[in-house]
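Each remark here refers to the structure printed beneath this line.
Residue numbers (the numbering used here): 5 to 152.
Here it is as structure tokens:
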């Protein structure tokens, strides 16, 4: 009986460790430019790219150049979802923030229904300081799922 239990545990852990994971991400860019002049968007990739074609191995005496130009790296197909800006002429628009939250939640729920699990969230802010009223919030949502 012990042998069967050991065999079951071994087969179960072997199967779990052999699973391939795939990752997907989308980025939310929310403008904090006053008067509604900024652009806020949710961006998702729609095609895979080969990062290796843009990667080189550098050493101290290496002069190797990237295999591709920047313009050749750029993808022209992606999903762009319009979001509302945080500010307009009246100041902060809390209903715009709530609307953006609902849009992002809808995207997360859609990906979850496709088997994606939210793995990481990474946020950042770009601003030049107190005297600069312009800037952006960037949030990256990273998902994973077991490959089929």
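Positions of the beta carbon are idealized from the N, C-alpha and C atoms, including for glycine.
{"query": "Beta strand (DSSP E) runs wholly inside the region 42-108, at least 3 long, in chain order", "result": "44-49, 82-87"}
{"query": "For residue 128, the first and last residue of its enclosing beta strand (DSSP E)", "result": "121-131"}
{"query": "Residue 127 versus residue 144 - alpha carbon distance", "result": "6 Å"}
{"query": "Three-way DSSP call (helix, strand, coil) for residue 151 in this model", "result": "coil"}
{"query": "CB contact flag (residue 93, residue 39, <9 Å)", "result": "yes"}
{"query": "Backbone secondary structure at residue 112 - three-state DSSP", "result": "helix"}
{"query": "Rounded distance between the beta-carbons of residue 49 and residue 85, thought under 8 Å", "result": "Going by Cβ atoms, the distance from residue 85 to residue 49 rounds to 13 Å, so no, they are not a contact pair."}
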